[in-house]
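Below: the structure, in structure tokens.
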Amino acid sequence: MRSLIVLVALSVVCLGAPAGAQEGHPLKGSWLGTWGPSKLHSNDILIVMNWDGKTISGMINPGTDNIPIKNATLNPEGWLVHIEAETKDKQGPLTYIIDGKIEGLAFHNRSIVGTWKARNESGPFKISRQ
Amino acid sequence: MRHLLACTAAVLLVASTTGTAHHAISAKFDDKRPATLSGIVTLVDWRNPHVHVFMNVKGDKGEVENWAVEVESPIDLESNGWSPTTLQPGDAITVRGIRARNDSRQVWGQSITLSGTGRQVLTFTPKIPPEPLAKRPTPRWPDKQPRLGPIPGGVQGYWAFPSSTVLQEDGANVKMDQWGLLANINDAAKVAPMQPWALALYRHRQSRFLQDDPTYLNCKPPGGPRQFQIPYGVQFVEDRERQRIFVLIGGGNSNYRIIYLDGRGHTGQVGGDDDNPLYYGRSVGKWVGDVLEVDTRGFNEDFWFTNGGLVHTDQLKLIEKFSRPDFDTLKYEVTVDDPGAYTRPWSASWTLRWVAGGELPRHLCQENRP
Chain E
36 MRSLIVLVAL
46 SVVCLGAPAG
56 AQEGHPLKGS
66 WLGTWGPSKL
76 HSNDILIVMN
86 WDGKTISGMI
96 NPGTDNIPIK
106 NATLNPEGWL
116 VHIEAETKDK
126 QGPLTYIIDG
136 KIEGLAFHNR
146 SIVGTWKARN
156 ESGPFKISRQ
Chain C
59 MRHLLACTAA
69 VLLVASTTGT
79 AHHAISAKFD
89 DKRPATLSGI
99 VTLVDWRNPH
109 VHVFMNVKGD
119 KGEVENWAVE
129 VESPIDLESN
139 GWSPTTLQPG
149 DAITVRGIRA
159 RNDSRQVWGQ
169 SITLSGTGRQ
179 VLTFTPKIPP
189 EPLAKRPTPR
199 WPDKQPRLGP
209 IPGGVQGYWA
219 FPSSTVLQED
229 GANVKMDQWG
239 LLANINDAAK
249 VAPMQPWALA
259 LYRHRQSRFL
269 QDDPTYLNCK
279 PPGGPRQFQI
289 PYGVQFVEDR
299 ERQRIFVLIG
309 GGNSNYRIIY
319 LDGRGHTGQV
329 GGDDDNPLYY
339 GRSVGKWVGD
349 VLEVDTRGFN
359 EDFWFTNGGL
369 VHTDQLKLIE
379 KFSRPDFDTL
389 KYEVTVDDPG
399 AYTRPWSASW
409 TLRWVAGGEL
419 PRHLCQENRP
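Residue numbers (our numbering), protein chains in the order written: chain E, 36 to 165; chain C, 59 to 428.
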């Protein structure tokens with residue numbers, strides 16, 4: 036029996052762990068992508084989201100500081116995502132609002148595609164789960 | 059390179075003696091699209107998870123098309139007396155089956171007939187052990203505690219043939235096939251008390267015929283209660299001296315979990331578990347009378363914890379109860395407590411049969427051969 040256990044353990048070590056996946060809450064994880072005034076002129080954005088069973092929390096990072104997510108929702112009817120994050124800049128309070136839809140739900144590198152807006156700016160938005 | 063060669067050799071050694079688990083046939087093939095093919099065998103690929111027979115078939119215009127015929131697993135076929143040489147390249151065969159959903163030249167072979175003799179080959183009948191004529195008493199250690207595994211020096215065996223291969227709340231009685239595919243997707247909400255997002259994701263997986271199951275697509279271990287509902291069973295190895303039980307998994311990916319009985323908590327188990335972290339969680343247990351109660355938590359979210367694609371999160375906690383009411387029966391009861399995906403804790407239970415005298419079939423998954 037000991038040889039069986041050693042053999043099984045060895046086989047597991049040899050095979051290693053397959054590439055990461057995420058089969059739990061579809062928004063949980065790190066997301067990387069771009070947003071901007073147009074597809075040709077866009078900036079990188081990182082979003083990290085978590086799920087505690089009741090609330091989606093996390094932060095967005097458009098390349099400056101982490102901005103906590105103030106409110107985020109997932110509507111499973113159509114897998115619609117709404118994210119609000121609030122910060123301040125020289126002009127005062129600044130609220131980012133992102134609306135999108137999950138694409139490729141079944142895959143670990145699923146995407147959220149939609150639009151963002153803040154003050155008078157807006158544009159396309161696309162992030163993919165890392 | 060030496061490490062790679064050693065690993066490859068070890069994997070091949072294990073693989074040469076292993077069986078496998080099945081994906082849902084309906085994930086890939088459409089039972090409403092029958093097909094009949096006649097042609098010549100070009101190759102027999104005798105590997106996990108399913109054997110493939112390749113054959114040349116003449117098309118409508120006389121052109122030669124190469125088709126793949128998928129049949130049962132090597133371990134199931136071998137248990138029915140078939141071997142990799144049952145069919146040989148050059149054999150003329152007729153195949154009846156069902157076509158792939160994606161319109162590729164693949165069929166699930168429901169029957170294969172040798173054209174020359176009319177003999178059917180690669181047939182499969184499950185070999186369920188017969189009901190014992192009389193109930194035998196629960197085997198016990200000298201201190202009267204029930205034994206869950208084989209008796210050293212005695213008759214070997216393992217646990218298989220679960221009375222249910224699908225997880226649903228006790229009393230739900232929702233109709234599904236053996237892989238957990240719902241007969242009516244509108245019954246999804248009855249299976250377990252899911253949160254709206256979890257229900258929607260479960261329905262999504264069902265609507266795709268479970269084709270995204272990472273256990274078969276990416277060789278993810280069947281953690282959680284699923285380990286007791288997959289083909290080919292489980293084996294308990296009770297290490298009383300070190301106060302732990304190894305649960306060896308016959309299907310899935312031939313890995314194992316450890317249940318610690320030495321009073322430790324759920325932390326500090328890295329040294330014992332670090333070759334299969336968190337797919338099986340961290341398990342601590344204790345005997346309460348004749349029942350082994352196990353508290354497991356610390357699961358990752360990289361796998362499906364049930365056949366059929368019920369959702370879980372990393373908040374999943376399981377309370378499992380194992381008992382052996384007689385020699386040939388293992389009773390498994392589980393309470394699923396996952397506030398990340400469900401609205402309340404819920405329970406399910408089933409039994410497994412003792413397969414006397416058998417060695418636990420073992421499986422090494424082969425990725426991208428769903």
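Backbone N, C-alpha and C define an ideal beta-carbon position, used for all residues, glycine too.
Since the model is a prediction, treat every value here as computed from it, not as a measurement.
Amino acids of chain E, ordered along the chain, whose beta-carbon sits closer than 8 Å to that of C/W255: To locate residue 255 of chain C, count along the second sequence from 1; it is residue 197. The answer, in chain order, is H60, P61, L109, P111.
Cα-Cα separation, E/G68 to E/I118: Here residue 68 of chain E refers to the residue found at position 33 when the first sequence is read from its first residue. Here residue 118 of chain E refers to the residue found at position 83 when the first sequence is read from its first residue. One C-alpha to the other measures close to 15 Å.
Under 8 Å between C-beta atoms of C/V292 and C/I307: Counting from 1 along the second sequence, the entry for residue 292 of chain C is found at position 234. Counting from 1 along the second sequence, the entry for residue 307 of chain C is found at position 249. Yes, the Cβ-Cβ distance between C/V292 and C/I307 is below 8 Å.
First and last residue of the uninterrupted alpha helix (DSSP H) at C/Y274: Numbered from 1 along the second sequence, position 216 holds the residue referred to as residue 274 of chain C. C/Y274 -> alpha helix (DSSP H) spans 272 to 275.
Closer than 8 Å to chain C by CB, E/L140: For this step, residue 140 of chain E is matched to residue 105 along the first sequence. So yes, E/L140 belongs to the interface.
Assigned exposure category for C/W199 - 16 Cβ within 10 Å defines buried: As a working mapping, residue 199 of chain C is identified with position 141 in the second sequence. Exposed, because fewer than 16 other Cβ atoms sit within 10 Å of the Cβ of C/W199.
Separation of C/A414 from C/P188, as counted between CA atoms: The residue given as residue 188 of chain C occupies position 130 in the second sequence. The residue given as residue 414 of chain C occupies position 356 in the second sequence. Going from the Cα of C/P188 to the Cα of C/A414 covers about 11 Å.
Bridge partner(s) assigned by DSSP for C/T387: As a working mapping, residue 387 of chain C is identified with position 329 in the second sequence. DSSP lists C/D384, C/R411 as partners of C/T387.
Alpha-carbon spacing of E/T150 relative to C/D360, whole angstroms: In the first sequence, counting from the first residue as 1, residue 150 of chain E sits at position 115. In the second sequence, counting from the first residue as 1, residue 360 of chain C sits at position 302. Those two C-alpha atoms are separated by around 29 Å.
Test: E/G88 CB closer than 8 Å to a CB of chain C: Position 53 of the first sequence, counting from 1, holds the residue named residue 88 of chain E. Taking Cβ atoms only, chain C reaches closer than 8 Å to E/G88, which makes this a yes.
Contact set between C/A258 and chain E, taken where Cβ atoms lie within less than 7 Å: If you number the second sequence from 1, residue 258 of chain C lands on position 200. Within 7 Å Cβ-Cβ: P111.
7 Å Cβ cut-off: residues of chain E touching C/Q373: One-based indexing of the second sequence puts residue 373 of chain C at position 315. Ordered by position in chain E, the residues that pass the 7 Å Cβ test against C/Q373 are G88.
Beta-carbon proximity check, C/H110 vs C/A126, cutoff 8 Å: Start at 1 with the first residue of the second sequence, and residue 110 of chain C comes out as number 52. Start at 1 with the first residue of the second sequence, and residue 126 of chain C comes out as number 68. The answer is yes: Cβ separation under 8 Å.
Against chain E: residues of the segment 294 to 308 of chain C by CB proximity under 7 Å: V295, F304, L306
Beta-carbon neighbours of C/G398, restricted to chain E and to distances below 8 Å: Residue mapping note: residue 398 of chain C aligns to position 340 of the second sequence, counting from 1. Here the neighbours are G59, H60, W86, D87, G88.
Same chain only: Cβ atoms within 6 Å of E/G93, ignoring 5 sequence neighbours per side: Translated into positions along the first sequence, residue 93 of chain E becomes position 58. V83, M84, N85, I104, listed in sequence order.
Through-space distance from C/D395 to C/N311, alpha-carbon basis: The residue labelled residue 311 of chain C in the question sits at position 253 within the second sequence. The residue labelled residue 395 of chain C in the question sits at position 337 within the second sequence. For C/N311 and C/D395, the distance between alpha carbons rounds to 25 Å.
Chain-order list of residues whose beta-carbon lies under 7 Å from that of C/G174 (same chain, five-residue window excluded): The sequence position of residue 174 of chain C within the second sequence is 116, counting from 1. Excluding sequence neighbours, C/G174 sits near A150.
Beta-carbon separation (whole angstroms), C/F219 vs C/P283, contact threshold 8 Å: Here residue 219 of chain C corresponds to residue number 161 of the second sequence, with the count starting at 1. Here residue 283 of chain C corresponds to residue number 225 of the second sequence, with the count starting at 1. At roughly 16 Å, the Cβ-Cβ gap does not stay under 8 Å, so C/F219 and C/P283 are not in contact.
Touch test, the segment 341 to 353 of chain C against the segment 229 to 248 of chain C, Cβ-Cβ under 8 Å, three pairs minimum: no
Chain-ordered chain E contacts of C/R198 [CB-CB under 8 Å]: Translated into the one-based positions of the second sequence, residue 198 of chain C becomes position 140. Within chain E, no residue comes near C/R198; the closest Cβ sits about 20 Å away, beyond 8 Å.
Proximity winner among E/A120, E/G158, E/I133, E/G113, relative to E/G139 (alpha-carbon distances): Position 104 of the first sequence, counted from the first residue, corresponds to residue 139 of chain E. Comparing Cα positions, the closest option is E/G113.
For C/F357, three-class secondary structure by DSSP: On the second sequence, residue 357 of chain C is found 299 positions in, with the first residue counted as 1. Coil, per DSSP.
Contact the segment 387 to 404 of chain C vs the segment 268 to 280 of chain C: 3+ CB pairs below 8 Å: no
Buried versus exposed call for C/G309 [16 or more other C-beta atoms within 10 Å across all chains shown]: By 1-based counting over the second sequence, the position of residue 309 of chain C is 251. The residue is buried, with at least 16 neighbouring Cβ atoms inside 10 Å.
C-alpha distance - C/A406 paired with C/T183, whole-angstrom precision: Sequence index remark: in the second sequence, residue 406 of chain C carries index 348 (1-based). Sequence index remark: in the second sequence, residue 183 of chain C carries index 125 (1-based). One C-alpha to the other measures close to 29 Å.
CA nearest to the CA of C/V179, picked from C/V249, C/D245, C/V102: Residue 179 of chain C sits at position 121 when you count from the first residue of the second sequence. Nearest C-alpha to C/V179: C/V102.
Contacts of C/R266 in chain E (Cβ-Cβ under 9 Å): Stepping through the second sequence from its first residue, residue 266 of chain C is reached at position 208. In chain order: A141.
Integer-rounded CB distance, given that C/Y216 should sit under 8 Å from C/G416: For the purposes of this step, residue 416 of chain C is identified with residue 358 of the second sequence, where counting begins at 1. For the purposes of this step, residue 216 of chain C is identified with residue 158 of the second sequence, where counting begins at 1. With a Cβ gap of about 6 Å, C/G416 and C/Y216 count as contacting.
Proximity below 8 Å, CB of C/I186 to CB of C/Q168: For the purposes of this step, residue 186 of chain C is taken as the residue at position 128 of the second sequence. For the purposes of this step, residue 168 of chain C is taken as the residue at position 110 of the second sequence. For C/I186 and C/Q168, no; Cβs fall outside 8 Å.
Chain E contacts from the segment 359 to 372 of chain C (Cβ-Cβ distance under 8 Å): E359, D360, F361, W362, V369, H370, T371, D372
According to DSSP, residues forming a beta bridge with C/E433: The first residue shown for chain C is 59 and the last is 428, placing residue 433 of chain C beyond what the model contains.
The segment 86 to 94 of chain C / the segment 157 to 167 of chain C touching (three or more Cβ pairs under 8 Å): yes
Straight-line Cα distance separating E/N155 from C/A79: Within the second sequence, the letter at position 21 stands for residue 79 of chain C. Within the first sequence, the letter at position 120 stands for residue 155 of chain E. Note that C/A79 has pLDDT 43, beneath the 50 cutoff, so the model's placement of it is unreliable and no number is given.
Exposed unless 16 or more other CB atoms sit within 10 angstroms - verdict on C/F357: Translated into positions along the second sequence, residue 357 of chain C becomes position 299. Flag for C/F357 reads buried.
Any C-beta of chain E under 8 Å from that of C/H262: On the second sequence, residue 262 of chain C is found 204 positions in, with the first residue counted as 1. True, the Cβ-Cβ gap to chain E drops below 8 Å.
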